[in-house]
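Notes for the one structure printed next.
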Amino acid sequence: MYEPYIQLIKSCFHNAEIITDRFHIVQHLNRALNSTRVSVMNDTPDSKTKLKNYWKLILKDNLKLDSNDCRHYRCYKHLMSESMIVDDLLRVDKTFEETYWVHQRLTQAIRNKNITSLLEILNDPPKNISIQMKKAIKTLKKYETSVSNAIKYPHSNGRLEGTNNLIKVIKRIAFGYRSFDNFRTRVLLICNTMVRLEMKSTH
Numbered sequence: 125m126y127e128p129y130i131q132l133i134k135s136c137f138h139n140a141e142i143i144t145d146r147f148h149i150v151q152h153l154n155r156a157l158n159s160t161r162v163s164v165m166n167d168t169p170d171s172k173t174k175l176k177n178y179w180k181l182i183l184k185d186n187l188k189l190d191s192n193d194c195r196h197y198r199c200y201k202h203l204m205s206e207s208m209i210v211d212d213l214l215r216v217d218k219t220f221e222e223t224y225w226v227h228q229r230l231t232q233a234i235r236n237k238n239i240t241s242l243l244e245i246l247n248d249p250p251k252n253i254s255i256q257m258k259k260a261i262k263t264l265k266k267y268e269t270s271v272s273n274a275i276k277y278p279h280s281n282g283r284l285e286g287t288n289n290l291i292k293v294i295k296r297i298a299f300g301y302r303s304f305d306n307f308r309t310r311v312l313l314i315c316n317t318m319v320r321l322e323m324k325s326t327h
């Protein structure tokens, strides 16, 4: 969802269909929810520690929250399950609660490849959600076609992202390379993409 890249692709590949990577769509929504949580955290001192400690549960798929395993959690006097903690945190602020459920609906629509459900929210988002989530939805709406393509098609740049991360790790653990050729060779070897050379027999 970076406009210069999109314009570049359009200028080079006139018939290409642009697909927004699903990881970046979810990341965009997660940042909006996280930003909302921080705002609520700063406005409610009594709940600040809880909201700070259990941010991972807020981002977790609601359907995967454990509702059976009750145990001791920091900030709580009684035995609690993951779902009970999330319910408690959502009661802190009504806007935060509405924003949370919109986030859940959007991310579940992406995971379930439900374009209809996704577009329903993008075209008619709830009014009482946070400003951060409204901006996130507005951005997704702007790139509606490429976002829809992310669900429609199975393609992803995950493999490329993984290769980029691997290259960064190689650079870090090697403390730099004086020779670019050596660096390139090491990357190709580790990525298992070295072209095999057939040695000619001298006989």
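What the sequence shown shows, in the working numbering, is residues 125 to 327, in sequence order. Note that CB positions come from ideal geometry on N, CA and C, so glycine has one too.
State the Cα-Cα distance for the pair residue i and residue j, rounded to the nearest angstrom.
i	j	result
Thr263	Gln228	17 Å
Cys194	Thr309	52 Å
Asn192	Ser303	57 Å
Leu321	Lys265	Summary for Leu321: the model assigns pLDDT 46, below 50, so the residue's position carries little reliability; its value from the coordinates is reported in the next sentence. Near 50 Å, if we compare the C-alpha coordinates of Lys265 and Leu321.
Val164	Phe307	47 Å
Asp170	His196	19 Å
Gln131	Glu268	16 Å
Lys328	Cys136	Residue 328 lies beyond the range of the chain shown here (125 to 327); nothing can be said about it.
Take residue i as the anchor and find which of the options has the nearest alpha-carbon.
i	options	result
Arg283	Tyr129, Asp170 and Asp145	Asp145
Ile143	Tyr129, Glu222 and Met204	Tyr129
Arg161	Ile234, Asn288 and Tyr224	Tyr224
Asn177	Gln232, Ile255, Phe299 and Glu206	Glu206
Pro278	Asn236, Leu230 and Val226	Asn236
Leaving out five residues before and five after residue i in sequence, what residues of the same chain have Cβ atoms less than 8 Å from its Cβ?
i	result
Thr168	Leu175, Val216 and Asp217
Step through the CB atoms of chain B and report whether any lies within less than 9 Å of the CB of residue i.
i	result
Tyr178	Absence of chain B from the displayed structure is noted, only one protein chain being present.
Here's a check: name, in chain order, each residue in its chain whose Cβ is nearer than 7 Å to the Cβ of residue i, leaving out the five neighbours to either side.
i	result
Thr219	Asn252, Ile253 and Ser254
**OP:** Mind listing, in chain order, the continuous alpha helix (DSSP H) runs of no fewer than 4 residues lying wholly within the region 189-215?
**Re:** 206-214
Original post:
Taking one C-beta from the region 270-280 and one from the region 142-162 each time, how about it: are there three or more such pairs within less than 8 Å?
Top reply: yes
Original post:
Per the contact definition of three or more C-beta pairs closer than 8 Å, is the region 173-186 in contact with the region 195-210?
Top reply: yes
Subject >> Within the region 221-286, ranges of the alpha helix (DSSP H) (whole runs, at least 4 residues) >> reply: 239-247, 255-266 and 268-276
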